[in-house]
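Keeping their order, the protein sequence lines are chains A and B. For the first sequence, my numbering assigns the number 1 to the initial residue and increments by one for each residue that follows. For the second sequence, my numbering assigns the number 1 to the initial residue and increments by one for each residue that follows. Backbone N, C-alpha and C define an ideal beta-carbon position, used for all residues, glycine too.
Number of protein chains: 2
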Amino acid sequence: MTTSKKPTSPERPSLEEAYPTTVEGLVLEERLGYALRRAQLKVFKHFDEAMREHDIRPAQFSSLVVIEGYPGVTQSSLAQTLSIDPPRVVSLINSLEERGLAMRVRCKRDRRSHGIFLTKTGEALVGRLKGLAEQSDLEATQSLSEIERRQLLTLLRKVYASEEGGD
Amino acid sequence: MTTSKKPTSPERPSLEEAYPTTVEGLVLEERLGYALRRAQLKVFKHFDEAMREHDIRPAQFSSLVVIEGYPGVTQSSLAQTLSIDPPRVVSLINSLEERGLAMRVRCKRDRRSHGIFLTKTGEALVGRLKGLAEQSDLEATQSLSEIERRQLLTLLRKVYASEEGGD
DNA sequence: TATTGTTATACTCTATAACTATA
DNA sequence: TATAGTTATAGAGTATAACAATA
Numbered sequence: 001m002t003t004s005k006k007p008t009s010p011e012r013p014s015l016e017e018a019y020p021t022t023v024e025g026l027v028l029e030e031r032l033g034y035a036l037r038r039a040q041l042k043v044f045k046h047f048d049e050a051m052r053e054h055d056i057r058p059a060q061f062s063s064l065v066v067i068e069g070y071p072g073v074t075q076s077s078l079a080q081t082l083s084i085d086p087p088r089v090v091s092l093i094n095s096l097e098e099r100g101l102a103m104r105v106r107c108k109r110d111r112r113s114h115g116i117f118l119t120k121t122g123e124a125l126v127g128r129l130k131g132l133a134e135q136s137d138l139e140a141t142q143s144l145s146e147i148e149r150r151q152l153l154t155l156l157r158k159v160y161a162s163e164e165g166g167d
Numbered sequence: 001m002t003t004s005k006k007p008t009s010p011e012r013p014s015l016e017e018a019y020p021t022t023v024e025g026l027v028l029e030e031r032l033g034y035a036l037r038r039a040q041l042k043v044f045k046h047f048d049e050a051m052r053e054h055d056i057r058p059a060q061f062s063s064l065v066v067i068e069g070y071p072g073v074t075q076s077s078l079a080q081t082l083s084i085d086p087p088r089v090v091s092l093i094n095s096l097e098e099r100g101l102a103m104r105v106r107c108k109r110d111r112r113s114h115g116i117f118l119t120k121t122g123e124a125l126v127g128r129l130k131g132l133a134e135q136s137d138l139e140a141t142q143s144l145s146e147i148e149r150r151q152l153l154t155l156l157r158k159v160y161a162s163e164e165g166g167d
């Protein structure tokens, strides 16, 4: 319970000479957070490669897919859906708008909010991107069978979907 | 194959008025990268809370655990093990050394390299932290049964353990 | 007064290049 | 020359506070 932050003077280990060690097995591999981060790094690396030709970042892709599914979605709703902060949505939509992929349309009923829509260009691109993303996922998880891949997706959803108050 | 980057002038959607939409189901949820990121965010949030009292970041925790398992590990080996870059290891070890948790010992055989060891303080702390981390993982995945949790860990390891050249 | 979107800011994480000291 | 560690730096991603326009 008490904060053990007070550093004692470091005790020198008994041996005088450091010896290089080869790290193989790892207690760390029992930790879920570690496994999640490593797996995510791998999958995202593949994703980056797949999207490089179109210069699309993960958050941009996610935004495009949500806007496609919910044309006219507001920025605040998008922020909530992707669980990112409103300021991030601003630069995100700016980048999509500058590239002619999406556009803001002022809402007449409530002139504070903007609806976001895909342009024709954006619609064409997101269709292609979804195919690339799916292919990238498959390549990144070649070591899994189709059944295992579905199991993994189900388990991950079960983890993040369960809200317990804070989120 | 061709890069469809040339943005055409954005076509205004047919409707004049944007309407707020409620986002519920999501095609995005079929994407592995998205599910991984969301699950990781949740697990890491719990981890942060569990470690706040000791002011320990995920990378610091991982380093402590590896050093505990492999006393005298070199910084380059640690970088490789955690798949982070050497410059990151420097500031990481600096922070641990400043807090009296770990220390560099110059290797006599090859005076370029340092072996890293835990201090007595570091050893005591990492023992406590491992317990907190395990408890945090359990809390973050309350929606999973014990069997499902093991399944998830196995699947994740299978994903990131398979090297295919690039990593 | 509350809400949508925005600006400004800062802090962490990450990646790269260039330097040093040793080999 | 090659390697281990270091320094400096810059780019993402993320989080917060403060502000403008509108309700």
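Quick one: what's residue i bridged to in DSSP?
i	result
B:F117	B:M103
B:T74	B:G115
Does the CB of residue i have a neighbour CB from chain A at under 8 angstroms?
i	result
B:Q60	no
B:L96	no
B:Q135	no
Can you find a heavy atom of the ligand NAD that lies under 7 angstroms from the Cβ of residue i?
i	result
B:L138	As far as ligands go, the structure on display features none, and thus does not contain the ligand NAD.
Examine chain B for any beta-carbon lying closer than 8 angstroms to the beta-carbon of residue i, and answer yes or no.
i	result
A:R31	yes
A:L28	yes
Is the Cβ-Cβ distance between residue i and residue j less than 8 angstroms?
i	j	result
A:L64	A:L118	yes
B:V66	B:T81	yes
B:K120	A:S143	no
A:A133	B:Y160	no
A:R37	B:Q40	yes
B:L125	B:L101	yes
B:A59	B:L92	yes
If I'm right that residue i touches residue j with Cβ under 8 angstroms, what's the distance once you round it to whole angstroms?
i	j	result
B:G115	B:T74	6 angstroms
B:H46	B:E139	6 angstroms
A:I135	A:A50	According to the sequence provided, residue 135 of chain A is Gln. The question's Ile does not apply to it. Confirmed, about 7 angstroms.
A:F61	A:L153	Going by Cβ atoms, the distance from A:F61 to A:L153 rounds to 17 angstroms, so no, they are not a contact pair.
A:G69	B:V27	6 angstroms
Query - Short-range partners of chain B found in the stretch 83-94 of chain A, where Cβ spacing is below 9 angstroms - result: S83
Report task. Taking a Cβ distance cut-off of 9 angstroms, strictly less, list which residues of the stretch 111-132 of chain A are near chain B, in chain order. Result -> S113, H114, G115, I116, F117, L118, T119, K120, T121, G122, A124, L125, R128 and K130
Requested in this report: Can you give me, in chain order, the residues of the stretch 35-54 of chain A that have a beta carbon less than 8 angstroms from any beta carbon in chain B?
Outcome: A35, L36, R37, R38, A39, Q40, L41, K42, V43, F44, K45, F47, E53 and H54
Query raised in the report: Got a sec: which bits of the stretch 137-166 of chain B sit with their beta carbon under 8 angstroms from any beta carbon on chain A, in order along the chain?
Result: D137, A140, T141, Q142, S143, L144, E148, R149, Q151, L152, L153, L155, L156, R157, K158, V159, Y160, A161, S162, E164 and G166
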